[in-house]
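J.: First, the structure itself, so that you have it in front of you.
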Amino acid sequence: MCDTSKGAHRMEEIMKKKALAFAMAAMMAASLTACGGSSKETTAAQTEAAATEAAESAEDTSTEAEETEAAETEAAGGVLIMATNAEFPPYEYHDGDSIVGIDAEIAAAIAEELGMELEIEDIAFDSIIPEIVSGKADMGLAGMTVTEDRKQSVDFSDTYAKASQMIIVKEDSEIAGPDDLAGVIVGVQLGTTGDIYVSDLEAEGTTVERYNKGFEAVQALSQGKIDAVVIDGEPAKTFVSETEGIKLLDEAFTEEEYAIAVKKGNTELLDKINAALKTLDENGTLDEIVAKYIKAE
Ligand code: ARG
Numbered sequence: 410m411c412d413t414s415k416g417a418h419r420m421e422e423i424m425k426k427k428a429l430a431f432a433m434a435a436m437m438a439a440s441l442t443a444c445g446g447s448s449k450e451t452t453a454a455q456t457e458a459a460a461t462e463a464a465e466s467a468e469d470t471s472t473e474a475e476e477t478e479a480a481e482t483e484a485a486g487g488v489l490i491m492a493t494n495a496e497f498p499p500y501e502y503h504d505g506d507s508i509v510g511i512d513a514e515i516a517a518a519i520a521e522e523l524g525m526e527l528e529i530e531d532i533a534f535d536s537i538i539p540e541i542v543s544g545k546a547d548m549g550l551a552g553m554t555v556t557e558d559r560k561q562s563v564d565f566s567d568t569y570a571k572a573s574q575m576i577i578v579k580e581d582s583e584i585a586g587p588d589d590l591a592g593v594i595v596g597v598q599l600g601t602t603g604d605i606y607v608s609d610l611e612a613e614g615t616t617v618e619r620y621n622k623g624f625e626a627v628q629a630l631s632q633g634k635i636d637a638v639v640i641d642g643e644p645a646k647t648f649v650s651e652t653e654g655i656k657l658l659d660e661a662f663t664e665e666e667y668a669i670a671v672k673k674g675n676t677e678l679l680d681k682i683n684a685a686l687k688t689l690d691e692n693g694t695l696d697e698i699v700a701k702y703i704k705a706e
């Protein structure tokens, strides 16, 4: 069957995202014409009208009619771009050519709920929020902690995990808890909450070493270049289990919660994500995904 109306709606959505309005409209009109039938002229015209509209309002203030159309569009497909930093096992990491982990699977499950195709972009952690703000990515899943500061730039979904910043030290270290971090050299991943909290200790003489990847901080620790690493608990456990001579301290540095970031004011996507999260929570999918990556102790 040649469903021209869905094609046109989908078209509109894609163009809003990519702002390739006219080239795409031409392509679409051509391919729709190929479908034949009496509706072809109308359809091509509609497509062009949609293209013009999309081009004129890439930054989009939707009317109600458009919103209904958009809902249909997403049910009919469309691409959902997730920005992440795949250096954070078990939430996101590389396994051969693919990016796997709890966040990758949650995102895939959300995309499936929305009838969309998931695309994952692996970038520096501190580029994720800018990427969402600029609209290059639709959502950020990166074991990202909700903070008041980040809320100034993006909107967050309902939280889907609890986490804490933990401290990793050498096995023979005298550092036994957060209070002992004053005056020592602490490694963190750049732009993370670990970075933010440890930076507060600079006033107490702590030196902060910022690395692009959490694992680089752990390596520096095992090589004796720094005294401690502050990083989220789950990656901390993974790194400690893979590295000789280091240990995780029991006492957490902070308690936090992870959520999905979307562009500020994109309530349409946010509502859909929250509805999908609720479904995935209620039908046990979230628990299944977590259990696959985090073994109960
Ligand atoms: N939870 C911390 C934060 O929000 C660290 C997240 C790091 N995530 C990553 N994928 N590298 O800042």
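When you read off a place in the sequence shown, starting at 1, and then add 409, the result is the number in my numbering.
Glycine included, each C-beta is placed from N, C-alpha and C at the ideal position.
Fair warning: this is a prediction, and the values are worked out from it, not measured in the lab.
Roughly how many angstroms separate the alpha carbons of residue 631 and residue 618, rounded to a whole number?
T.: Going from the Cα of residue 631 to the Cα of residue 618 covers about 14 Å.
J.: Could you spell out where the beta strand (DSSP E) holding residue 493 opens and where it closes?
T.: Counting along the chain, the beta strand (DSSP E) containing residue 493 begins and ends at 488 to 493.
J.: Is residue 500 a contact residue of the ligand ARG, with contact defined as CB to any heavy atom under 7 Å?
T.: Under cutoff, so the answer is yes.
J.: Does the separation of the CB atoms of residue 667 and residue 572 fall below 8 Å?
T.: Yes; because the gap between Cβ atoms is below 8 Å, this pair is in contact.
J.: If you measure from the CB of residue 596, is any heavy atom of the ligand ARG nearer than 7 Å?
T.: No, the Cβ of residue 596 stays beyond 7 Å of every heavy atom of the ligand ARG.
J.: Alpha carbon to alpha carbon, what distance is there between residue 553 and residue 589?
T.: Cα to Cα, the separation comes out at about 26 Å.
J.: Thinking residue 698 and residue 511 are a contact (beta carbons under 8 Å), I'd like their distance in whole angstroms, please.
T.: Residue 698 to residue 511, Cβ: 6 Å. Contact.
J.: Cβ of residue 649 within 8 Å of Cβ of residue 657?
T.: A contact, by the Cβ cut-off of 8 Å.
J.: Just checking residue 552 against the ligand ARG - is the residue's beta carbon closer than 7 Å to any of the ligand's heavy atoms?
T.: Yes; taking the cut-off as 7 Å, the Cβ of residue 552 has a heavy atom of the ligand ARG nearer than that.
J.: Return helix, strand or coil for residue 527, following the three-state DSSP convention.
T.: Reduced to three states, the DSSP call for residue 527 is strand.
J.: Please classify residue 692 as buried or exposed, where buried requires at least 16 other C-beta atoms within 10 Å of its C-beta.
T.: Answer is exposed; the Cβ neighbour count stays below 16.
J.: Classify residue 518 as buried or exposed, calling it buried when 16 or more other Cβ atoms lie within 10 Å of its own Cβ.
T.: With 16 or more Cβ atoms within 10 Å of its Cβ, residue 518 is classed as buried.
J.: Rounded to whole angstroms, what is the Cα-Cα separation between residue 502 and residue 491?
T.: Rounded to whole angstroms, residue 502 to residue 491 spans 14 Å at the Cα level.
J.: Quick check on DSSP: helix, strand or coil for residue 703?
T.: Correct three-state label for residue 703: coil.
J.: So residue 565 is in the beta strand (DSSP E); what residue range does that whole segment cover?
T.: Its beta strand (DSSP E) spans residues 563 to 565.
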